[in-house]
Amino acid sequence: MKKLLSATGVLFLLALLLELIPEKREGIIPLYYITVVAFLGLLYILIAVFSKNKEKVETVGDVTAIILGLLIVWELATAKFDLLDKLLFPAPSVVFELFVSEWKELLKGLVSSLELLFGGYVLALLVAIPLALFIGWRKRLYRAVKPLTKVLGPIPTIVYIPYTIALLPTFKASSIFVIFIGAFWPIFINTLNGVFNVEKKIVDSAKAINVNERAMLFNVILPAAMPSIISGATIGLVLSFILLTAAEMIGATSGLGWYVKYFSDFADYPRVIVGIIFIGIVVTGITFLFDKIEGYLLRWRR
Amino acid sequence: MLRSKITLKNVSLVYEDENTDFCAIKDINFSIKKGEFVSIIGPSGCGKSTLLNLMTGLNFPTDGCILIDGEQIKGTGTERGVVFQHYSLFPWMSAQKNLVFGLKQLHRNKSKKDLEEIADRYLSMVGLKDFKNKYPSQLSGGMQQRVAIARAFAMNPSILLMDEPFGAVDAKNRVILQELLLKLWDNGSEKKTVILVTHDIDEAILLSDRIIVMSASPGTVKEEINIDFERPRERSSLIKSVKYTNLRNKLVNLFYDDLIEKIGGAEVVI
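Put into structure tokens, the structure is as follows:
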């Protein structure tokens, strides 16, 4: 009970009590705002009741408090007191209502975006890691390739977009290619360095048990370089997000980046905000998944 | 027992730098009989680990040659098992996986279950069966070294090359592992040939048939001493004997000669 009287609890009650104030803006259905607040509160209570990890409950509570605080400010500044421009700053309920009515569009955009993202990113993983493994293991080849990566790697991938669009037949192909290039370099360079810098004692003990070339590469060098590979893959993923949205804003007819760009052309800012929040949720989901995979692959490092 | 298993002929290793050549070891000659247990001792920097690396086949002498069963070595080989000074386990494999991975390189056709059985047997020999699913990072330094020793033993090589294998193991487990090493060395059918690099003089006397004493810069063989105590050796009574004390003193003097000379004849407090 004491737990619920914390900042989170107070903000939760405050967020709900706000609804006693009459709306200053018209045509708002406060039910959407209330539902989101109630959902956040319920989520927190569920975690607080069922989780045994005290620190985790505390953190979830603090995060919930911050989100509730932002929601309260947003609700007050728009729906309740109408302090901000109505066109640029829609009320929370308006945005949440759109989430419900637009979900089909959003899902369609998500599928289209993920196609490009995974197409380019997975392709980059599949090409960069084996290639870097092969090159990094051969000292002479490594020394030859290393300076090249220093020149080609830092070129901002965005500059390739116009050329790629001219070069490749479809928008889809050129987006996948641009994402591929963007993700390729960090994965390739990190894997290369990881392979080259595998500790000598690891290589020596592998030699001492007479591993063959294949086992050396795939059972020794690859896992030994995995921490570097993962950090390259993380940078690659972040770059992929950026390039995906950039590509979609430039030339797509579907996808989440397109969604935001399209509706801002019509000054439909509630939908723009919906798009931005949705992108945030999607990116969080993918990053969460990525962290899980990383945790599994590097479980031996704990 | 008579045939020479390992022969070193005029083995030298020079590291070439841009300006200066550093001579790590110079003109080493010795031969080791089949089934012989030989320890190499010497001050740090005398090249004893370097020498072991050459015998392992991880590096090659700049001069001279190393023969095993009369043939010059061309790299690492399955007849040689190695225990490094650093814990040489693969950190992404559990203790059991480390052994199985080693065994798999030897027995390509054996089933996974068979290999796991062998691995478990050797892990229990070093007292770590309950830790078989732990990763090296979850084990202490001494435990990691025991897994590494188990791996080398499990692969059942005819030659064991060991580089200060018990350096990081606590006193109690060191005695257990030394006994285990002796047991595995002489396990009935055919004795293994063991070369043990150590800086522990007592360990060298207790375990070896012969001790090779090296001196530093450049690393050379200073003296070879035969240890003819009867086996099995009883630790506690051996240590009390006069012969043991004399031998030990002799080795200590040989060991620290270098050091005293280097510092300029002044008395060294150790």
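Top line first, the protein sequences correspond to chains A and B.
Every letter in the first sequence is one number past the one before it in the working numbering, and letter 234, counting from 1, is 234.
With positions in the second sequence counted from 1, the corresponding number in the working numbering is that position plus 302.
The beta carbon of each residue, even a glycine, is placed where N, CA and C say it ideally should be.
Can you check DSSP and say which residues form a bridge with residue i?
i, result
"B/Phe324", "B/Tyr317"
"B/Asn331", "Note: B/Asn331 sits in no beta bridge, so no partner."
"B/Ser341", "B/Leu498 and B/Ile513"
"B/Ser306", "B/Lys335"
"B/Lys311", "B/Cys367"
"B/Asn528", "B/Arg512"
Assuming residue i and residue j form a contact by the criterion Cβ under 8 Å, report the distance between their Cβ atoms to the nearest whole angstrom.
i, j, result
"B/Lys307", "B/Asp371", "7 Å"
"A/Ala65", "A/Leu11", "5 Å"
"B/Glu381", "B/Ser333", "The Cβ separation is near 16 Å, so there is no contact."
"B/Ala450", "B/Tyr546", "That pair is no contact at about 30 Å."
"A/Gly61", "A/Tyr44", "6 Å"
"B/Leu356", "B/Ile368", "6 Å"
"B/Leu509", "B/Leu483", "7 Å"
"A/Val220", "A/Val211", "6 Å"
"B/Asp329", "B/Ser341", "So it is not a contact: roughly 21 Å between Cβ atoms."
"A/Val37", "A/Ala7", "The Cβ separation is near 15 Å, so there is no contact."
"A/Thr149", "A/Phe196", "Between A/Phe196 and A/Thr149 the Cβ distance is about 12 Å, and since that is not below 8 Å, they are no contact."
"A/Leu237", "A/Tyr142", "Contact doesn't hold; Cβ gap of about 25 Å is too wide."
"A/Thr191", "A/Leu133", "7 Å"
"B/Thr378", "B/Thr358", "6 Å"
"B/Asn613", "B/Arg453", "Outside the shown range of chain B, which is 303 to 572, sits residue 613 of chain B, and nothing can be said about it."
"B/Ala518", "B/Pro345", "5 Å"
Return helix, strand or coil for residue i, following the three-state DSSP convention.
i, result
"B/Lys431", "helix"
"B/Asn355", "helix"
"B/Gly521", "strand"
"A/Met216", "helix"
"B/Ile572", "Bear in mind that the predicted position of B/Ile572 carries a pLDDT of just 48, short of 50, making it too unreliable to give a figure here."
"A/Ile21", "coil"
"B/Met464", "strand"
"B/Tyr558", "helix"
"A/Val203", "helix"
"A/Pro223", "helix"
"B/Pro459", "coil"
"B/Asn475", "helix"
"B/Asp504", "helix"
"B/Asn489", "coil"
"B/Leu441", "coil"
"B/Gly347", "coil"
"A/Pro147", "helix"
"B/Ala470", "coil"
"A/Glu294", "helix"
"A/Gly275", "helix"
"B/Lys436", "coil"
"A/Gly280", "helix"
"A/Gly153", "coil"
"A/Arg302", "coil"
"B/Arg292", "Chain B is shown from 303 up to 572; residue 292 of chain B falls before or after that span and cannot be answered."
"B/Glu536", "coil"
Cβ-heavy atom distance between residue i and the ligand GTP below 7 Å?
i, result
"A/Ala183", "Absence of the ligand GTP from the depicted structure is noted, as is the absence of any ligand whatsoever, leaving it without description."
Note to self: Quick check on the DSSP output: what are the complete alpha helix (DSSP H) runs of length 4 or more inside the segment 79–139 of chain A, in order along the chain?
What the structure shows: 92–101 and 103–137
Note to self: Which runs of the alpha helix (DSSP H) at least 4 residues long sit entirely within the segment 358–430 of chain B? Give them in chain order.
What the structure shows: 397–408 and 414–427
Check: Would you call the segment 255–274 of chain A and the segment 202–218 of chain A in contact, with 3 or more CB pairs under 8 Å?
Finding: no
Notebook entry, point to check: Is there contact between the segment 409–427 of chain B and the segment 467–479 of chain B, where contact requires at least three CB pairs shorter than 8 Å?
Noted result: no
Check: If you scan the segment 225–269 of chain A from start to end, which runs of the beta strand (DSSP E) of 3 or more residues do you find wholly inside it?
Finding: none
Check: Taking one C-beta from the segment 112–125 of chain A and one from the segment 176–188 of chain A each time, how about it: are there three or more such pairs within less than 8 Å?
Finding: yes
Check: Could you give the uninterrupted runs of the alpha helix (DSSP H) lying entirely in the segment 159–210 of chain A, keeping only those of 4 residues or more?
Finding: 161–167, 171–196 and 200–208
Check: Mind pulling the alpha helix (DSSP H) runs of 4 or more residues that sit fully within the segment 13–70 of chain A?
Finding: Segments of the alpha helix (DSSP H) lying fully in the segment 13–70 of chain A: 31–50.
Check: Given 8 Å as the limit, is there contact between the segment 261–269 of chain A and the segment 82–98 of chain A, that is, 3 or more CB pairs closer than that?
Finding: yes
Item checked: Cβ contact (3+ pairs, closer than 8 Å) linking the segment 159–166 of chain A and the segment 234–252 of chain A -> yes
Check: Below 8 Å, can you find three or more Cβ-Cβ pairs linking the segment 404–412 of chain B to the segment 431–448 of chain B?
Finding: no
Next item on the list: Would you check if there are 3 or more beta carbon pairs closer than 8 Å linking the segment 214–233 of chain A to the segment 168–176 of chain A?
Entry: no
Checklist line | Stretch-stretch touch, CB-based, cutoff 8 Å, three pairs: the segment 280–298 of chain A with the segment 228–236 of chain A | finding: yes
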